[in-house]
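Here the protein sequences come in this chain order: A and G. For the record, in the first sequence the residue sitting at position 113 is 113 according to the UniProt record's numbering, with numbers rising by one throughout. For the record, in the second sequence the residue sitting at position 143 is 143 according to the UniProt record's numbering, with numbers rising by one throughout. Here a beta-carbon is modelled for each residue, glycine too, at the ideal position from N, C-alpha and C. The structure presented is a predicted model; accordingly, all values stated were derived computationally and were not measured. Have a look at the structure below before the remarks.
Number of protein chains: 2
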Amino acid sequence: MLEQGIEGASVRNIAKEAGLSLGSLRYYFHSQEELMKYARELVSERITQRVDKIFASDKNPNEKILEVLLELLPQTSKLGREPKVRLFFKTLAVQPEKTAAVDQDGVYLAVKNVMSNLLLLNFIKKNLDIGIETERLYALINGLALNSLLNPDELSAQRVEEIILVHLNSICKESVK
Amino acid sequence: MLEQGIEGASVRNIAKEAGLSLGSLRYYFHSQEELMKYARELVSERITQRVDKIFASDKNPNEKILEVLLELLPQTSKLGREPKVRLFFKTLAVQPEKTAAVDQDGVYLAVKNVMSNLLLLNFIKKNLDIGIETERLYALINGLALNSLLNPDELSAQRVEEIILVHLNSICKESVK
């Protein structure tokens, strides 16, 4: 999909790329649409798994939170191409009927998770509205991701990390890093 | 384009919609691509004009700055459908060769403009990095716009205004509103 666009991501081409016969892939996916739906859900699931793994790791909370947010962005993800593919799906879905609900979006779930953790740790500045801050951070992540997809050379990984850090520090009582 | 997608926005359909003969439209635009390029630039130009008009108006600076930012977003624009169409073009441009440079984006120019004005008025908190803050605000605007396109019923105009205000207040010395 990233190489040839959505038109290139036919059941036929994907079977070829995966070294499967067309028949065996068709056994599981009757149409490109079914295949794409599966892929979209898989990408979201992988992002969620990765986020859970980071949260469960043995680092200090500040590090984990920053790592989770960076993992959501194409520029800084270590996981791989999932954040880019996720946004590709998102921008494809300009027709409302194709749009996945926001609560099926691994990135949205991760942002909510980050905010819950910041609250739990008592890191968040007083008087902030958590609902608004969740939407603000989610929009920031989506905007940065969109930028990476459209103007890949514009924001470096380092720049993206700086922006995320500035944002985190602006909502936290003490400097995250 | 918003009604029928990019496929529907053929030179033929646009001539029909505009009450022009196909021949006369073809005289100016030899291909759909040329027409789309013109439309994209026009949308960007209109956004810039609108922003200039707001800055030149007779209100106090705080009001102008907030009004400019709200004008960039589909949820809160009073100008019309330009912000939505602009984002539609942006998400269409997932192939790098179709992408317009960021400095041809009326919204990016407006965000830079807002930041310059905040600086000029000495509103910005000390120790903020203007480059980072410009990218952060631009990403926030793009993320909010993307959200309106994909999940139109999720963020109300009022919610969007709250998010923008929280953001502005967080980078300004005094409350903007």
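At the C-beta level, A:Val176 and A:Ile65 come within 8 Å of one another.
Under the 10 Å beta carbon count, A:Ile164 is surrounded by 16 or more other beta carbons and is classified as buried.
Of the candidates G:Leu155, G:Lys78 and G:Ala56, the residue whose Cα lies closest to the Cα of G:Asn113 is G:Ala56.
The criterion of a C-beta distance shorter than 8 Å is satisfied by A:Leu73 and A:Leu144. Taking the CA atoms as reference points, A:Ile130 sits about 27 Å from G:Pro83. Separation of A:Asn151 and G:Ala39 (C-alpha to C-alpha, rounded to the nearest whole angstrom) is 20 Å. Contact between A:Leu35 and A:Ile6 is absent: CB atoms are separated by about 11 Å, not below the 8 Å threshold.
Nearest to G:Gln32 by alpha-carbon distance, out of G:Gly8, G:Asn60 and G:Ser21, is G:Gly8. Look at A:Asn169: its C-beta is not under 8 Å from any C-beta on chain G.
For G:Leu155, the closest alpha carbon among the candidates A:Glu3, A:Ala139 and A:Gln75 is that of A:Ala139. For G:Leu128 and A:Ser44, the gap between their C-alpha atoms comes out near 34 Å. Proximity of chain A to G:Ile141 at the Cβ level (cut-off 9 Å) is accounted for by Ala139 and Gly143, in chain order. Distance between G:Ile141 and G:Gly23, taken at the CA atoms: about 39 Å. Per DSSP, A:Ile164 has no beta-bridge partner at all. In this chain, the alpha helix (DSSP H) harbouring A:Met115 covers Gly106 to Leu120. By the CB criterion at 8 Å, A:Ala110 and A:Val160 fall outside the cutoff. Here the C-alpha atom of G:Met1 lies approximately 44 Å from the C-alpha atom of G:Lys126. In terms of beta-carbon proximity, A:Asn60 stays away from the interface with chain G, with every pair separated by 8 Å or more. Short of 7 Å from the beta carbon of A:Asn169, and not among the five residues preceding or following it, lie these beta carbons of its own chain, in chain order: Ser175 and Val176. Against chain A, the CB of G:Lys177 has no partner CB under 8 Å away; the residue lies outside that interface. Legend: CB atoms of the stretch 60-93 of chain G lying less than 7 Å from CB atoms of chain A belong to residues Phe88, Lys90, Thr91 and Ala93. Looking only at A:Glu135, A:His30 and A:Arg86, the smallest Cα-Cα distance to A:Leu146 is reached by A:Arg86. By the criterion of a C-beta distance shorter than 7 Å, G:Gln104 is surrounded in its chain by Ser44, once the five residues flanking it on both sides are discounted. According to the DSSP secondary-structure assignment, A:Ile124 is paired through a beta bridge with A:Cys172. Going by C-alpha positions, G:Ala157 is about 22 Å away from A:Thr91. Looking at the backbone, the Cα of G:Asp52 and that of A:Ile132 are separated by about 29 Å. In the assembly as shown, G:Arg136 is a buried residue. Its beta-carbon has 16 or more other beta-carbons within 10 Å. For G:Asn117, the closest of G:Pro61, G:Thr48 and G:Glu3 by C-alpha to C-alpha distance is G:Pro61. Shown here, A:Ala9 sits in coil according to DSSP, grouped into three states, outside any helix or strand.
Cβ-Cβ distances below 8 Å link G:Thr48 to Gly106, Leu109 and Ala110 in the same chain, with the five nearest sequence neighbours on each side left out; the list follows chain order. G:Gln75 places its beta carbon less than 8 Å from that of G:Ser148.
Flagged as an interface residue toward chain G: A:Ile132, by a C-beta distance shorter than 8 Å. Per DSSP, the continuous alpha helix (DSSP H) segment holding A:Phe88 begins and ends at Glu82 to Leu92. Straight through space, the alpha carbons of G:Cys172 and G:Met115 are spaced by roughly 11 Å. Residue environment analysis places A:Arg50 among the buried positions, since at least 16 neighbouring C-beta atoms fall within 10 angstroms of its C-beta.
Exclusion of the five residues before and after G:Phe123 leaves Cys172 and Lys173 as the residues of its chain whose Cβ lies within less than 7 Å of its Cβ.
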